[in-house]
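Participant: I have a structure here, written as structure tokens, and I will follow up with some questions on it.
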Amino acid sequence: MPIVAPSLLASNFFKMEEECKMLNESEADWYHLDVMDGRFVPNISFGPMIIEFFRIATTKPCDVHLMILEPGDFAEQFKNAGADHLTVHIEACPNLHRNLQQIKSLGMKTGVAINPHTPVSDLSDILHDTDIVCMMSVNPGYGGQQFIPHTLEKIKQLRKMIDERGLKTLIEIDGGVTVENAPSIIAAGADVLVAGNTVFKSADPKETIRQLKMLK
Ligand code: DX5
Ligand code: ZN
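If you want it as structure tokens, here you go:
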């Protein structure tokens, strides 16, 4: 059964409390929160202050995906805002090992995100320090984009690398996940499905979450 992490980016911010209530009652496992700085990605979303508000209403782990430059400057703020997992981009971190040690020392799970053009082999010497690999299946910056099919090949490569080393690192797929393509994503070896538009723009978000959870 996959871990399902709805992405709040696609939610109705005007009805934040209702959206959180729906997620609390649903079978969702984590809340995925996308932080964008307008520099690493061509869009700006929200920061720790908004996550602090979400945290008041949420009962499940907050999976914070930082699409920002110099994430180390903000790790403590995100911890204080209530982040349980903190994911940084490999492309934004010339001293990635230091970033992960910092996240760990603050008591959060470590996540490393990789963009569609970044090879899986770039994770080779950091995998054992990583709790979650967030594999982008779209170019980061916006919700509602199409899943890039080559991601399936990358998932298989990463699954092999994790299994061969006997690691427990989770593979999270982020971008363009739908009820239709999720079975092949899971079959390729993914553990976590992030879903924004698929959940929040559906007629019955709770039911859509349930459908994603039921997939094998
Ligand atoms: C994209 C974000 C994703 C996004 C996914 O930069 O990292 O988490 O919210 O949204 P959907 O599922 O709509 O592609
Ligand atoms: Zn994300």
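First residue of the sequence shown: 22, per my numbering; consecutive thereafter. Cβ coordinates follow ideal geometry from the N, Cα and C atoms, glycine included.
#1: Quick one: Cα of Met88 to Cα of Asp150, how far?
#2: Is it true that the CB of Asn202 sits closer than 7 angstroms to the CB of Gly164?
#3: DSSP has Glu193 in a bridge; who is on the other side?
#4: Figure out for me which residue from Met70, Val56, Ile71 has the closest Cα to the Cα of Asn64.
#5: Quick check on Leu107: does DSSP put it in helix, strand or coil?
#6: Asp195: beta carbon under 6 angstroms from a heavy atom of the ligand ZN?
#7: Count the C-beta pairs between the segment 81-95 and the segment 106-124 that are closer than 8 angstroms, then say yes if the count reaches three, no if not.
#8: Is any heavy atom of the ligand ZN found at a distance shorter than 6 angstroms from the C-beta of Asp55?
#9: Please list the terminal residues of the continuous beta strand (DSSP E) segment that includes Thr131.
#10: Can you tell me the Cα-Cα spacing of Leu188 and Phe95, whole angstroms?
#11: Using the C-alpha atoms, what's the distance from Arg180 back to Ala208?
#12: Taking the C-alpha atoms as reference points, what is the distance between Ile72 and Met182?
#13: Measure the C-alpha to C-alpha separation of Lys138 and Asn33 and round it to an integer number of angstroms.
#14: Can you look up Ala49 in the DSSP assignment and give me helix, strand or coil?
#15: Grab the span of the beta strand (DSSP E) containing His118 for me, first residue to last.
#16: To the nearest whole angstrom, what separates the beta carbons of Thr190 and Leu148, a pair I think is in contact under 8 angstroms?
#17: Give the C-beta separation of Val133 and Thr108 to the nearest angstrom, bearing in mind that I take them to be a contact with Cβ-Cβ under 8 angstroms.
#18: Can you tell me the Cα-Cα spacing of Thr79 and Tyr52, whole angstroms?
#19: Within the same chain, show all residues whose beta-carbon is closer than 6 angstroms to that of Glu48, passing over the 5 residues directly before and after it, in chain order.
#20: Label Asn120 either buried or exposed according to how many other C-beta atoms from any shown protein chain fall within 10 Å of its C-beta, with 16 as the threshold for buried.
#21: Tell me which residues share the same chain as Cys41 and place their Cβ nearer than 7 angstroms to its Cβ, disregarding the 5 neighbours each side in the sequence.
#22: Under the three-state reduction of DSSP, which class applies to Ala224: helix, strand or coil?
Facilitator: According to the structure shown:
#1: The residue you call residue 88 lines up with position 67 of the sequence shown. The residue you call residue 150 lines up with position 129 of the sequence shown. Spanning the two alpha carbons is a distance of roughly 20 angstroms.
#2: Locating residue 164 in the sequence shown gives position 143, where the first residue counts as 1. Locating residue 202 in the sequence shown gives position 181, where the first residue counts as 1. Result no, Cβ atoms of Gly164 and Asn202 do not sit closer than 7 angstroms.
#3: Position 172 of the sequence shown holds residue 193. BP columns for Glu193 point to Cys155, Val213.
#4: The count along the sequence shown starts at 1 and reaches residue 64 at position 43. Closest by alpha carbon: Val56.
#5: Your numbering for residue 107 matches position 86 in the sequence shown. Reduced to three states, the DSSP call for Leu107 is strand.
#6: If you number the sequence shown from 1, residue 195 lands on position 174. Because some heavy atom of the ligand ZN lies under 6 angstroms away, the Cβ of Asp195 counts as near it: yes.
#7: yes
#8: On the sequence shown, position 34 is the one that residue 55 refers to. Checking every heavy atom of the ligand ZN against the Cβ of Asp55, one is found closer than 6 angstroms.
#9: What you label residue 131 is simply residue 110 of the sequence shown in a count that begins at 1. Run containing Thr131: 130-135, per the beta strand (DSSP E) assignment.
#10: For this step, residue 188 is matched to residue 167 along the sequence shown. For this step, residue 95 is matched to residue 74 along the sequence shown. The straight-line gap from Cα to Cα measures roughly 28 angstroms.
#11: Residue mapping note: residue 208 aligns to position 187 of the sequence shown, counting from 1. Residue mapping note: residue 180 aligns to position 159 of the sequence shown, counting from 1. Their backbone Cα atoms lie some 11 angstroms apart in a straight line.
#12: As a working mapping, residue 72 is identified with position 51 in the sequence shown. As a working mapping, residue 182 is identified with position 161 in the sequence shown. Distance between the alpha carbons of Ile72 and Met182: 33 angstroms.
#13: In the sequence shown, counting from the first residue as 1, residue 138 sits at position 117. In the sequence shown, counting from the first residue as 1, residue 33 sits at position 12. Looking at the sequence shown, residue 138 is not Lys but His. Going from the Cα of His138 to the Cα of Asn33 covers about 31 angstroms.
#14: Position 28 of the sequence shown holds residue 49. Coil at Ala49, not helix or strand.
#15: Walking along the sequence shown from the start, residue 118 turns up at place 97. Careful: His118 lies outside any beta strand (DSSP E), inside the alpha helix (DSSP H) at 117-126.
#16: Numbered from its first residue, the sequence shown carries residue 190 at position 169. Numbered from its first residue, the sequence shown carries residue 148 at position 127. Going by Cβ atoms, the distance from Thr190 to Leu148 rounds to 6 angstroms, so yes, they are a contact pair.
#17: Counting from 1 along the sequence shown, the entry for residue 133 is found at position 112. Counting from 1 along the sequence shown, the entry for residue 108 is found at position 87. Yes, they are in contact, since the Cβ atoms of Val133 and Thr108 sit about 7 angstroms apart, within 8 angstroms.
#18: Working through the sequence shown from its first residue, we reach residue 79 at position 58. Working through the sequence shown from its first residue, we reach residue 52 at position 31. So the alpha carbons of these two residues sit roughly 8 angstroms apart.
#19: In the sequence shown, residue 48 corresponds to position 27, counting from 1. Closer than 6 angstroms at Cβ, skipping near neighbours: Ile230, Arg231, Lys234.
#20: If you number the sequence shown from 1, residue 120 lands on position 99. Looking at its Cβ environment, which holds 16 or more other Cβ atoms inside 10 Å, Asn120 is buried.
#21: If you number the sequence shown from 1, residue 41 lands on position 20. Excluding residues up to 5 positions away in sequence, Phe75, Ala78, Thr79 lie with their Cβ nearer than 7 angstroms to the Cβ of Cys41 in the same chain.
#22: On the sequence shown, position 203 is the one that residue 224 refers to. Ala224 falls in the coil class under three-state DSSP.
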